[in-house]
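*Asks:*
Number of protein chains: 2
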Amino acid sequence: MHLLIIGAAGMIGRKLAERVAVTGRIGDRAVDTLTLADVVEPEAAQDFAGTRHAVTADLTEPGTAERLIGARPDIVVHLAAIVSGEAEADFDKGYRINLDGTRALFDAIRLTDGYAPRVVYASSLAVFGAPFPDVIADDFHLTPLTSYGTQKVMGELLLDDYSRRGFMDGVGIRFPTICIRPGRPNKAASGFFSGILREPLNGQEAVLPVDEDVRHWHASPRSAVGFIEHAATMDTAALGSRRNVTMPGVSATVGDQIKALRQVAGDATAALIRREPDPTIARIVGGWPRDFDTARARDLGFRAETSFREIIEVYVEDELDGKLPSG
Amino acid sequence: MHLLIIGAAGMIGRKLAERVAVTGRIGDRAVDTLTLADVVEPEAAQDFAGTRHAVTADLTEPGTAERLIGARPDIVVHLAAIVSGEAEADFDKGYRINLDGTRALFDAIRLTDGYAPRVVYASSLAVFGAPFPDVIADDFHLTPLTSYGTQKVMGELLLDDYSRRGFMDGVGIRFPTICIRPGRPNKAASGFFSGILREPLNGQEAVLPVDEDVRHWHASPRSAVGFIEHAATMDTAALGSRRNVTMPGVSATVGDQIKALRQVAGDATAALIRREPDPTIARIVGGWPRDFDTARARDLGFRAETSFREIIEVYVEDELDGKLPSG
Chain A
1032 MHLLIIGAAG MIGRKLAERV AVTGRIGDRA VDTLTLADVV EPEAAQDFAG TRHAVTADLT
1092 EPGTAERLIG ARPDIVVHLA AIVSGEAEAD FDKGYRINLD GTRALFDAIR LTDGYAPRVV
1152 YASSLAVFGA PFPDVIADDF HLTPLTSYGT QKVMGELLLD DYSRRGFMDG VGIRFPTICI
1212 RPGRPNKAAS GFFSGILREP LNGQEAVLPV DEDVRHWHAS PRSAVGFIEH AATMDTAALG
1272 SRRNVTMPGV SATVGDQIKA LRQVAGDATA ALIRREPDPT IARIVGGWPR DFDTARARDL
1332 GFRAETSFRE IIEVYVEDEL DGKLPSG
Chain B
1032 MHLLIIGAAG MIGRKLAERV AVTGRIGDRA VDTLTLADVV EPEAAQDFAG TRHAVTADLT
1092 EPGTAERLIG ARPDIVVHLA AIVSGEAEAD FDKGYRINLD GTRALFDAIR LTDGYAPRVV
1152 YASSLAVFGA PFPDVIADDF HLTPLTSYGT QKVMGELLLD DYSRRGFMDG VGIRFPTICI
1212 RPGRPNKAAS GFFSGILREP LNGQEAVLPV DEDVRHWHAS PRSAVGFIEH AATMDTAALG
1272 SRRNVTMPGV SATVGDQIKA LRQVAGDATA ALIRREPDPT IARIVGGWPR DFDTARARDL
1332 GFRAETSFRE IIEVYVEDEL DGKLPSG
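Chains A and B supply the protein sequences, listed in that same order. Numbered according to the numbering used here, the first sequence terminates at residue 1358, and the numbering increases by one at each position without gaps. Numbered according to the numbering used here, the second sequence terminates at residue 1358, and the numbering increases by one at each position without gaps.
#1: Under 7 Å, Cβ to Cβ, is there at least one residue of chain A near L1176 (chain B)?
#2: Could you check if I1204 (chain B) belongs to the surroundings of the ligand SAH, using beta carbon to heavy atom distance under 6 Å?
#3: Do you know whose CA, among A:P1320, A:I1312 and A:G1094, lies nearest F1137 (chain A)'s CA?
#4: List the residues of chain E that H1172 (chain B) touches, going by C-beta distances under 7 Å, in chain order.
#5: Suppose you measure from the CA of R1329 (chain A) to the CA of I1128 (chain A); what does that come to, to the nearest Å?
#6: Which residues of chain A have a Cβ atom closer than 9 Å to the Cβ of V1184 (chain B), listed in chain order?
#7: Residues of chain B with CB closer than 7 Å to the CB of D1192 (chain A), please, in chain order.
#8: Can you tell me the Cα-Cα spacing of T1133 (chain B) and E1117 (chain A), whole angstroms?
#9: Taking the alpha carbon of A1220 (chain B) as the reference point, which residue from B:G1214, B:V1150, B:L1156 and B:A1313 has its own alpha carbon closest?
#10: Can you check DSSP and say which residues form a bridge with V1086 (chain A)?
#11: Mind listing the chain B neighbours of R1127 (chain A)? Cutoff is C-beta to C-beta under 7 Å, in chain order.
#12: I need the boundaries of the alpha helix (DSSP H) containing I1140 (chain B), first residue and last residue.
#13: Excluding the five sequence neighbours on either side, which residues of its own chain have a C-beta within less than 6 Å of the C-beta of I1227 (chain A), listed in chain order?
#14: Taking the alpha carbon of T1087 (chain B) as the reference point, which residue from B:D1078, B:D1069, B:A1076 and B:A1080 has its own alpha carbon closest?
#15: For the candidate residues A:T1300, A:A1120, A:G1297 and A:T1284, whose alpha-carbon lies nearest to that of P1320 (chain A)?
#16: Could you give the DSSP three-state label for N1233 (chain B): helix, strand or coil?
#17: What residue from A:D1266, A:I1204 and A:A1157 has the CA that sits closest to Q1182 (chain A)'s CA?
#18: When we look at the beta-carbon of L1190 (chain B) and count the other beta-carbons within 10 Å, is it buried (16 or more) or exposed?
#19: How big is the Cα-Cα spacing for V1053 (chain B) and V1347 (chain B)?
#20: Suppose contacts are defined by Cβ-Cβ distances below 7 Å. Is G1286 (chain B) in contact with W1248 (chain B) by that definition?
#21: Hey, quick one: how far does the alpha helix (DSSP H) through I1259 (chain A) stretch, first residue to last?
#22: Once DSSP output is grouped into helix, strand and coil, what is the label at R1327 (chain A)?
#23: If you draw a straight line from the alpha carbon of I1043 (chain A) to that of V1256 (chain A), how long is it in whole angstroms?
#24: When burial is assigned at 16 or more other CB atoms within 10 Å of the CB, is D1266 (chain B) buried or exposed?
#25: Is it buried or exposed, G1160 (chain B), if we count other Cβ atoms within 10 angstroms and call 16 or more buried?
#26: Can you grab the Cα-Cα spacing for the pair S1282 (chain A) / L1232 (chain A), in whole Å?
#27: Does the CB of R1314 (chain A) have a neighbour CB from chain B at under 7 Å?
#28: Would you say the region 1071-1090 of chain A touches the region 1046-1060 of chain A, given that touching needs at least three Cβ pairs under 8 Å?
#29: So R1273 (chain B) contacts chain A; which residues on that side make the cut at Cβ distance below 7 Å?
#30: In whole angstroms, give me the CA-to-CA distance for E1243 (chain B) and I1315 (chain B).
#31: Tell me which residues share the same chain as D1059 (chain A) and place their Cβ nearer than 8 Å to its Cβ, disregarding the 5 neighbours each side in the sequence.
#32: Quick one: is G1041 (chain A) buried, meaning 16 or more other Cβ sit within 10 Å of its Cβ, or exposed?
#33: Is the beta carbon of H1172 (chain A) less than 7 Å from the beta carbon of P1104 (chain A)?
#34: Which residues, in order along the region 1154-1169 of chain B, keep a beta-carbon less than 7 Å from a beta-carbon of chain A?
#35: With contact counted as at least three CB pairs below 8 Å, one residue from each stretch, are the region 1212-1219 of chain A and the region 1163-1177 of chain A in contact?
#36: Leaving out the 5 sequence neighbours to the left and right, which residues in its chain are closer than 8 Å to G1125 (chain B) when beta-carbon positions are compared?
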């Protein structure tokens, strides 16, 4: 079976590729050919036992989608996108990459005769826009408040329509905020959700710019890879005509996060969090969703952590070789 | 003030243009220049007292949107679309006209410096897809089951995003099924909703292909014009970030329709309806929405008929010069 991952140089794409390399499978399906594509050459999964292709490809360039689809991969995982901040800063680039790039991919698939692969599409909580109910139901309307969110909904709609027409067999997954993101601190407004845990777990100080009662929706990178694996191999009949699904996660306040950090790593580690209120970040984050009813996703077999403590333990296992900071 | 109507040769476009010609206004704003555009030359409003332009224009041809927007009309009413059946039959044409045409128009507006006109966008109940609750709330999610519905939602999303960015001041209106449509019978699955009233009111037999308990959502052509006039001139601050609104209407069963016809025009007229069940039409119509909670639209000042009797009376006044069939 041939698996194509587009956006394979990103954090989730790399983790997915590494897992496929280790297991030789995605979900319950054996992978013999793995094609990794991104705008920069993907480095992951060098030790994959099957045939591995690394492709530098920009979906917005004419012919690129057709070239990627030419080998008729059985499963296409489409993670390529520019992020929220960049799509907001550069209007044309956001629509070109997130909308036109996705449509180019879907059309290349549509126009390949006798071909209808499983397509896993990475969507986002940004498809939702405030004001929200406290718990957002699966049938809540999609009213994004960013260009990124708008582009992601448009991709969801194409996925539904192209699947209904039989051009592909799509599953759209709306990722929670991924926590704890490995790597270095970044400037994203959401960065502190990971930073206040990651930096202390690495023995470093972290800044908390919002109040402890700020609530948000989280899942680990390991869960994110699991969502993709399940979406790539599940029986899509259960989805009916609504192929985009809000993924399960943990609704937690910042206070819950800190409490879990203290439980896992002790008071001294939690004491590395320094309060430094930032009204701008507080205002941005104040408009974000806090909690979801994801009964549908769970009924469909998607699984995430069930406590924030578990999210932290996943990070310690996957990124710190199980080692907690001393002291 | 300059009003541009795109899709001015269609039924609603013609009625809107005629009304502007008669009143010299749209809503409470005086119109001195009226530009009518369509893929065939618009014939309406020949007697408009101001400056009238009739333009043959296809939004999907390069440069057309720029040409229409070049004169910087203050209000742009965008009614141009291919209908549901055609968008389903011709995939490429549907996306080209309904999505790319709309985007070309919106981008021509966006790229005109210092210009942010009121844009009224015709959307549709087709943005919703079964299964539905009995009454569809304003925050029900958008899960279209046709390519037409998909394209209409994508236009709604662009309208929201382009308005949020300040490129335009958009209002999207989701029309009910328009009843009683004037003119000749057509082959649309929805055609009988008008036909079982229009043909008897014109002394002719009509065919009813579904059961009398089929329920649907209706408003008159006069209300449709009123929706556009209100959307063109309302204070959009009240819309907040959610600029697409399900219009008010009358939820009525076919039985309610026939009862109202009997009340207005007598038993002999209603007896011209011949039952001829068509399982295909019954199945299609069975997937359509039945009722909406449109408190939001009414709070925003949109008005429709409140009974089916009123919808019939509007037809008799506007299309039959107030004359009922004899007998």
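Idealized CB from N, CA, C, for every residue including glycine.
*Replies:* Taking the definition as stated:
#1: Interface with chain A (7 Å Cβ-Cβ cutoff): L1176 (chain B) is included.
#2: The ligand SAH is absent from the structure shown, which contains no ligand whatsoever.
#3: For F1137 (chain A), the closest alpha carbon among the candidates A:P1320, A:I1312 and A:G1094 is that of A:G1094.
#4: Although the question refers to chain E, the structure presented lacks it and instead comprises the protein chains A and B.
#5: CA-to-CA, the gap between R1329 (chain A) and I1128 (chain A) works out to about 31 Å.
#6: In chain order: L1173, V1184, M1185 and L1188.
#7: Residues of chain B passing the Cβ test: S1178 and T1181.
#8: C-alpha separation (whole angstroms): 24 Å.
#9: The residue from B:G1214, B:V1150, B:L1156 and B:A1313 with its alpha-carbon nearest to that of A1220 (chain B) is B:A1313.
#10: For V1086 (chain A), which the question treats as bridged, DSSP gives the partners A:A1068.
#11: Within chain B, not a single residue places a beta-carbon under 7 Å from that of R1127 (chain A); the smallest gap is close to 12 Å.
#12: That run of the alpha helix (DSSP H) goes G1132 to R1141.
#13: The answer, listed in chain order, is A1237, L1239 and I1304.
#14: Per the C-alpha coordinates, the member of B:D1078, B:D1069, B:A1076 and B:A1080 positioned closest to T1087 (chain B) is B:D1069.
#15: In terms of Cα proximity to P1320 (chain A), the closest of A:T1300, A:A1120, A:G1297 and A:T1284 is A:T1284.
#16: In the structure shown, the three-state DSSP call for N1233 (chain B) is coil.
#17: Out of A:D1266, A:I1204 and A:A1157, A:A1157 has the C-alpha closest to the C-alpha of Q1182 (chain A).
#18: Buried is the label assigned to L1190 (chain B), since at least 16 other Cβ atoms lie within 10 Å of its Cβ.
#19: About 20 Å.
#20: Not a contact, by the Cβ cut-off of 7 Å.
#21: The continuous alpha helix (DSSP H) containing I1259 (chain A) extends over residues P1252 to T1264.
#22: DSSP places R1327 (chain A) in helix when its eight states are reduced to three.
#23: Roughly 7 Å between the two C-alpha positions.
#24: Its Cβ having fewer than 16 others within 10 Å, D1266 (chain B) is exposed.
#25: By the neighbour-count rule (16 or more Cβ atoms within 10 Å), G1160 (chain B) is buried.
#26: Straight-line spacing of the CA atoms in S1282 (chain A) and L1232 (chain A) works out to 21 Å.
#27: Answer no: the Cβ-Cβ gap between R1314 (chain A) and chain B never drops below 7 Å.
#28: Output reads yes: the region 1046-1060 of chain A touches the region 1071-1090 of chain A.
#29: Simply T1174.
#30: Each residue's alpha carbon lies about 15 Å from the other.
#31: The beta carbon of D1059 (chain A) is closer than 8 Å to those of T1264 in its chain, skipping five residues each way along the sequence.
#32: Here G1041 (chain A) is buried, its C-beta having at least 16 other C-beta atoms within 10 Å.
#33: P1104 (chain A) sits away from H1172 (chain A), with the two beta carbons spaced by 7 Å or more.
#34: Contacts with chain A (Cβ-Cβ distance below 7 Å) from the region 1154-1169 of chain B involve G1160, listed in chain order.
#35: These segments do not touch.
#36: Around G1125 (chain B): I1113, E1117, A1118, E1119, S1178, Y1179 and Q1182.
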